[in-house]
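S.K.: Quick one: structure below, then a few questions.
4 protein chains.
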Amino acid sequence: MLRIFSTGGTIDKVYFDEKSAYEVGEPLIHHILNEAQVTLDYAVTPLMRKDSLELTDEDRQTICKAVVEAREQQILITHGSDTMTDTGRTLLDAGVPALGKVVVITGALAPAMFRDSDALFNIGLAFAAVQTAAPGVYIAMNGQVFPADGVRKNRERNRFERL
Amino acid sequence: MLRIFSTGGTIDKVYFDEKSAYEVGEPLIHHILNEAQVTLDYAVTPLMRKDSLELTDEDRQTICKAVVEAREQQILITHGSDTMTDTGRTLLDAGVPALGKVVVITGALAPAMFRDSDALFNIGLAFAAVQTAAPGVYIAMNGQVFPADGVRKNRERNRFERL
Amino acid sequence: MLRIFSTGGTIDKVYFDEKSAYEVGEPLIHHILNEAQVTLDYAVTPLMRKDSLELTDEDRQTICKAVVEAREQQILITHGSDTMTDTGRTLLDAGVPALGKVVVITGALAPAMFRDSDALFNIGLAFAAVQTAAPGVYIAMNGQVFPADGVRKNRERNRFERL
Amino acid sequence: MLRIFSTGGTIDKVYFDEKSAYEVGEPLIHHILNEAQVTLDYAVTPLMRKDSLELTDEDRQTICKAVVEAREQQILITHGSDTMTDTGRTLLDAGVPALGKVVVITGALAPAMFRDSDALFNIGLAFAAVQTAAPGVYIAMNGQVFPADGVRKNRERNRFERL
Chain B
942 MLRIFSTGGT
952 IDKVYFDEKS
962 AYEVGEPLIH
972 HILNEAQVTL
982 DYAVTPLMRK
992 DSLELTDEDR
1002 QTICKAVVEA
1012 REQQILITHG
1022 SDTMTDTGRT
1032 LLDAGVPALG
1042 KVVVITGALA
1052 PAMFRDSDAL
1062 FNIGLAFAAV
1072 QTAAPGVYIA
1082 MNGQVFPADG
1092 VRKNRERNRF
1102 ERL
Chain L
942 MLRIFSTGGT
952 IDKVYFDEKS
962 AYEVGEPLIH
972 HILNEAQVTL
982 DYAVTPLMRK
992 DSLELTDEDR
1002 QTICKAVVEA
1012 REQQILITHG
1022 SDTMTDTGRT
1032 LLDAGVPALG
1042 KVVVITGALA
1052 PAMFRDSDAL
1062 FNIGLAFAAV
1072 QTAAPGVYIA
1082 MNGQVFPADG
1092 VRKNRERNRF
1102 ERL
Chain W
942 MLRIFSTGGT
952 IDKVYFDEKS
962 AYEVGEPLIH
972 HILNEAQVTL
982 DYAVTPLMRK
992 DSLELTDEDR
1002 QTICKAVVEA
1012 REQQILITHG
1022 SDTMTDTGRT
1032 LLDAGVPALG
1042 KVVVITGALA
1052 PAMFRDSDAL
1062 FNIGLAFAAV
1072 QTAAPGVYIA
1082 MNGQVFPADG
1092 VRKNRERNRF
1102 ERL
Chain H
942 MLRIFSTGGT
952 IDKVYFDEKS
962 AYEVGEPLIH
972 HILNEAQVTL
982 DYAVTPLMRK
992 DSLELTDEDR
1002 QTICKAVVEA
1012 REQQILITHG
1022 SDTMTDTGRT
1032 LLDAGVPALG
1042 KVVVITGALA
1052 PAMFRDSDAL
1062 FNIGLAFAAV
1072 QTAAPGVYIA
1082 MNGQVFPADG
1092 VRKNRERNRF
1102 ERL
């Protein structure tokens, strides 16, 4: 059984024409997993709907607590890409790997609602990582499964790279 | 460095209007990996373009030889879903795990060219499995990473299930 | 009020993985019109689900009868592209323009289910033509609204051209 | 020969992940018309890239002048939906119909970049209207071709309705 926590980010950004605005909407993970014809058991818990630049320390503690207290050992977190590494570090500091959990953080550089998007691929990437990687905290982006403390987001090139 | 062998299957099916026919076209894996903004190094070797029901023993030997002789340790095979388990068994019989290789077979139940498809998710699934799983042969479908000798395709329900 | 008759063709082709086959499925026109946020009243009558190369004289008579007997004056027909002109001619011979009706035949060169398709655009093209053109029979393809007896499908170039 | 003026609006909104922002990008009309396999001759002149709520009287005069001075008689304008009727009125006041021109304003309620969008259908709708409607100014949205002075955008229901 897999637990999914959604926190927001580009992956869930939708366009509200009546507001002329573009905001994080409800988690699209169910639609993604249906389209992917996933048959594995999973449960989704939405924690927040924020751009990751807006996540506070309190938010990261909320995420951390949810991960630690979850009865599942396999946990996927959908998250904005800008501060994935910060949340990763918070989870490592909380001793998550020692609990035997495999936690994979992923998101997307283009919204799942877009015709061209890395969203579906990234969710697939994270889905496998959470089933096959050793206990630890990971970031799954740009086709790679990085240890959460061994990666950074390169802002200029808008992509993740090993430290 | 990751090596990708394409063999055909639904994932690469395209529609040729002028022939009023629907056939396996050129491998779409490059487009998929571009859309996914993958930054990992990989190389693609097209082996054949067949529906997996049409693969012969000779074809499976061709695939097997290519896998064994590849210098890479991480190998992804795109393949029709109907006989993935047969190819999986051929690779296990050839002693692939003992060579230290991680081989992941994937494909799709709907063509990558479709608006609604498991293709992108499955390629992501396989991409992570090939980086994190222990040496062995796997089938990545329906959101799961199955050991190749521990799964079957349920024809009635059109999905993969553990034996 | 607009009446839509669906006859099959590439526009409605779907892939049945379990049959490893690609066939005309149920009409996708409802999905297309929902996605287009169409608010005009319309009703859909499926007549058949055939590749237009397989339409018989009897089929064309069926289409013709349905058009003549429809109480609506604005009629859209979704159809395979290969024999649109034959159906067009049958309707002209039946004196449809003299009845004051505007009949527009359209379809697509790529299935509506594809990520890249002319389907949505063509349905839009036909939808406007049926509201603004003078009574007559038309073929709406490749961005143009052709009089049905003034166009042919160029097989080599897979497109419609004025005679 | 058809002339297309692009002014911005939701239809051309794209997401810039590095800015965490969602803005009007370059006109997507070329991509749309390629996907639609349009063979009619047309030329695109980008005038501005604005949300239509931000268009000033000066902007509307710019659009008006461009329409009046264009040598083409068939003109399509892509535009944000919120103030389409204002631009329509400006064109009517400038006596555009008397010049023998057919001007059709269209746009989209969801960006063309989205998997689900009215964009492609609306461009098709406008493309036909500009070829078959009598000289005048029109708004093509929600599957209908409205006279520009006979329609309003219903903000609560986010759609266009006849006055």
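Residue numbers (this note's numbering), protein chains in the order written: chain B, 942 to 1104; chain L, 942 to 1104; chain W, 942 to 1104; chain H, 942 to 1104. Heads up, the beta-carbon is just placed ideally off N, CA and C, and yes, glycines get one too. Predicted model only: the values in this text are computed from it and were never measured.
For the segment 1055 to 1071 of chain B, list every residue whose C-beta sits within 9 Å of some C-beta in chain L, in sequence order.
M.R.: R1056, D1057, S1058, D1059, A1060, L1061, F1062, N1063, I1064, G1065, L1066, A1067, F1068, A1069, A1070, V1071
S.K.: Which same chain residues end up closer than 8 Å to M1054 of chain L when comparing Cβ atoms and leaving out the 5 residues on each side of it in sequence?
M.R.: Start at 1 with the first residue of the second sequence, and residue 1054 of chain L comes out as number 113. Counting only residues of its own chain and dropping the five nearest sequence neighbours on each side, M1054 of chain L has a CB closer than 8 Å to the CB of K954, V955, Y956, L969.
S.K.: Should the segment 1093 to 1104 of chain L be regarded as contacting the segment 1057 to 1068 of chain L, the criterion being three or more beta carbon pairs within less than 8 Å?
M.R.: no
S.K.: Determine the direct distance from the alpha carbon of P1088 of chain B to that of V883 of chain H, and round the result to whole angstroms.
M.R.: In the structure displayed, chain H extends from 942 to 1104; residue 883 of chain H sits before or after that span and is not available.
S.K.: Can you confirm whether the segment 1072 to 1083 of chain B touches the segment 985 to 997 of chain L when touching is taken to mean that 3 or more C-beta pairs between the two stretches lie within less than 8 Å?
M.R.: no
S.K.: To the nearest angstrom, report how far apart A1069 of chain W and F946 of chain B are at their CA atoms.
M.R.: By 1-based counting over the third sequence, the position of residue 1069 of chain W is 128. By 1-based counting over the first sequence, the position of residue 946 of chain B is 5. Those two C-alpha atoms are separated by around 46 Å.
S.K.: Any beta carbon of chain L sitting closer than 8 Å to that of A1051 of chain W?
M.R.: As a first step, residue 1051 of chain W is located in the third sequence; it is residue number 110 there, counting from the start. Taking Cβ atoms only, chain L reaches closer than 8 Å to A1051 of chain W, which makes this a yes.
S.K.: So for T1073 of chain B, helix, strand or coil by DSSP?
M.R.: Here the question's residue 1073 of chain B lines up with position 132 in the first sequence. Looking at T1073 of chain B - three-state DSSP - the assignment turns out to be helix.
S.K.: Considering T1047 of chain W, what are the terminal residues of the beta strand (DSSP E) in which it resides?
M.R.: The sequence position of residue 1047 of chain W within the third sequence is 106, counting from 1. It spans 1043 to 1047 - the beta strand (DSSP E) in which T1047 of chain W sits, taken as one unbroken run.
S.K.: In whole angstroms, what is the alpha-carbon distance linking D1057 of chain H and M1025 of chain H?
M.R.: Residue numbering aside, residue 1057 of chain H sits at position 116 when the fourth sequence is read from its first letter. Residue numbering aside, residue 1025 of chain H sits at position 84 when the fourth sequence is read from its first letter. So the two alpha carbons sit approximately 22 Å from each other.
S.K.: Determine the burial state of E976 of chain B: buried for a count of at least 16 other Cβ atoms within 10 Å of its Cβ, exposed for fewer.
M.R.: Position 35 of the first sequence holds residue 976 of chain B. It counts as buried.
S.K.: Taking K954 of chain H as the query, report the chain B residues whose CB atoms sit under 8 Å from its CB, ordered along the chain.
M.R.: The residue labelled residue 954 of chain H in the question sits at position 13 within the fourth sequence. Those within 8 Å of K954 of chain H in chain B are Y956, Y963.
S.K.: Report the option in H:T997, H:D998, H:V1045, H:T951 whose CA atom is closest to the CA atom of G1077 of chain H.
M.R.: The residue labelled residue 1077 of chain H in the question sits at position 136 within the fourth sequence. With distances taken between Cα atoms, G1077 of chain H lies closest to H:V1045.
S.K.: Can you give me the start and stop residues for the alpha helix (DSSP H) that I973 of chain H sits inside?
M.R.: Along the fourth sequence, read from residue 1 onward, the residue named residue 973 of chain H stands at position 32. Here the alpha helix (DSSP H) through I973 of chain H covers 970 to 976.
S.K.: With a cut-off of 8 Å, does the C-beta of Q1085 of chain W fall near any C-beta of chain H?
M.R.: Start at 1 with the first residue of the third sequence, and residue 1085 of chain W comes out as number 144. Yes, Q1085 of chain W lies at the interface with chain H (some Cβ there is under 8 Å from its Cβ).
S.K.: Assign K1042 of chain B to buried or exposed, taking buried as 16 or more other Cβ atoms, counted over all protein chains shown, within 10 Å of its Cβ.
M.R.: Locating residue 1042 of chain B in the first sequence gives position 101, counting from the first residue. A residue is called buried once 16 or more other Cβ atoms fall within 10 Å of its Cβ, and K1042 of chain B is buried on that count.
S.K.: Taking all protein chains shown into account, do 16 or more other C-beta atoms lie within 10 angstroms of the C-beta of T951 of chain B, making it buried, or fewer, making it exposed?
M.R.: Taking the first residue of the first sequence as position 1, residue 951 of chain B is located at position 10. T951 of chain B should be labelled buried.
S.K.: Have a look at B:R1001, B:Q1015, B:G949 and flag the residue whose alpha-carbon is nearest the alpha-carbon of T1028 of chain B.
M.R.: Working through the first sequence from its first residue, we reach residue 1028 of chain B at position 87. It is B:R1001 whose Cα lies nearest to the Cα of T1028 of chain B.
S.K.: Assuming contact is defined by CB atoms lying nearer than 8 Å, are E1010 of chain B and M942 of chain B in contact in what I supplied?
M.R.: Here residue 1010 of chain B refers to the residue found at position 69 when the first sequence is read from its first residue. Here residue 942 of chain B refers to the residue found at position 1 when the first sequence is read from its first residue. No; because the gap between Cβ atoms is not below 8 Å, this pair is not in contact.
S.K.: Just mark K1006 of chain L as buried or exposed, buried being the case when its beta carbon has 16 or more other beta carbons within 10 Å.
M.R.: In the second sequence, the residue the question calls residue 1006 of chain L occupies position 65. So K1006 of chain L counts as exposed.
S.K.: From the beta carbon of V1078 of chain B, is the nearest beta carbon of chain L less than 8 Å away?
M.R.: Counting from 1 along the first sequence, the entry for residue 1078 of chain B is found at position 137. Closer than 8 Å: no.
S.K.: Mapping the DSSP letters down to three states, classify T1024 of chain W as helix, strand or coil.
M.R.: As a position in the third sequence, residue 1024 of chain W is number 83, starting the count at 1. T1024 of chain W falls in the coil class under three-state DSSP.
S.K.: Would the beta-carbon of I1046 of chain B be found less than 7 Å away from any heavy atom of the ligand NAD?
M.R.: As presented, the structure is devoid of all ligands, the ligand NAD included, so that no description of it is given.
S.K.: At what residues does the beta strand (DSSP E) containing Q1085 of chain B begin and finish?
M.R.: Taking the first residue of the first sequence as position 1, residue 1085 of chain B is located at position 144. Looking at the DSSP string, the run of the beta strand (DSSP E) that includes Q1085 of chain B is 1085 to 1088.
S.K.: Leaving out five residues before and five after L1061 of chain W in sequence, what residues of the same chain have Cβ atoms less than 8 Å from its Cβ?
M.R.: Numbered from 1 along the third sequence, position 120 holds the residue referred to as residue 1061 of chain W. Same-chain partners within the cutoff: I973, E976, A977, A1053.
S.K.: Using 8 Å for Cβ pairs, my map puts R944 of chain B next to I1016 of chain B. What's the rounded Cβ distance?
M.R.: Position 3 of the first sequence holds residue 944 of chain B. Position 75 of the first sequence holds residue 1016 of chain B. About 5 Å separates the beta carbons of R944 of chain B and I1016 of chain B, which is inside the 8 Å limit, making them a contact pair.
S.K.: List, from N- to C-terminal side, the beta strand (DSSP E) runs of 3 residues or more that fit wholly inside the segment 982 to 1016 of chain B.
M.R.: 983 to 991
S.K.: Determine, using beta carbons only, whether A1075 of chain W and D1059 of chain W come nearer to each other than 8 Å.
M.R.: Here residue 1075 of chain W refers to the residue found at position 134 when the third sequence is read from its first residue. Here residue 1059 of chain W refers to the residue found at position 118 when the third sequence is read from its first residue. Taking 8 Å as the Cβ cut-off, A1075 of chain W and D1059 of chain W do not qualify as a contacting pair.
S.K.: Starting from the C-beta of R1030 of chain H, find all residues in its chain whose C-beta is less than 8 Å away, skip the five residues before and the five after it, and write them out in chain order.
M.R.: Within the fourth sequence, the letter at position 89 stands for residue 1030 of chain H. Cβ neighbours of R1030 of chain H beyond the five flanking positions: A1089, D1090.
S.K.: Strictly under 8 Å for the Cβ-Cβ distance: is Q978 of chain L near chain B by that measure?
M.R.: Indexing the second sequence from 1 puts residue 978 of chain L at position 37. Judged by the 8 Å Cβ criterion, Q978 of chain L is in contact with chain B.
S.K.: Just to confirm the assignment, what range does the beta strand (DSSP E) spanning L1040 of chain W have?
M.R.: Translated into the one-based positions of the third sequence, residue 1040 of chain W becomes position 99. It is not in any beta strand (DSSP E) - L1040 of chain W carries neither H nor E in the DSSP assignment.
S.K.: May I ask which residues mark the beginning and end of the beta strand (DSSP E) holding E1102 of chain H?
M.R.: Here residue 1102 of chain H corresponds to residue number 161 of the fourth sequence, with the count starting at 1. Segment 1100 to 1103, the beta strand (DSSP E) holding E1102 of chain H.
S.K.: Alpha carbon to alpha carbon, what distance is there between E967 of chain B and V985 of chain B?
M.R.: Position 44 of the first sequence, counted from the first residue, corresponds to residue 985 of chain B. Position 26 of the first sequence, counted from the first residue, corresponds to residue 967 of chain B. Answer to the nearest angstrom: the Cα atoms are 12 Å apart.
S.K.: Taking the CB atoms as reference points, tell me whether D982 of chain B and K1094 of chain B lie closer together than 8 Å.
M.R.: Looking up residue 982 of chain B in the first sequence gives position 41. Looking up residue 1094 of chain B in the first sequence gives position 153. In terms of Cβ geometry, D982 of chain B and K1094 of chain B do not form a close pair [threshold 8 Å].
S.K.: Report the neighbours of A1074 of chain W on chain H: residues whose CB is nearer than 7 Å to its CB, in chain order.
M.R.: Residue mapping note: residue 1074 of chain W aligns to position 133 of the third sequence, counting from 1. Result: T1073.
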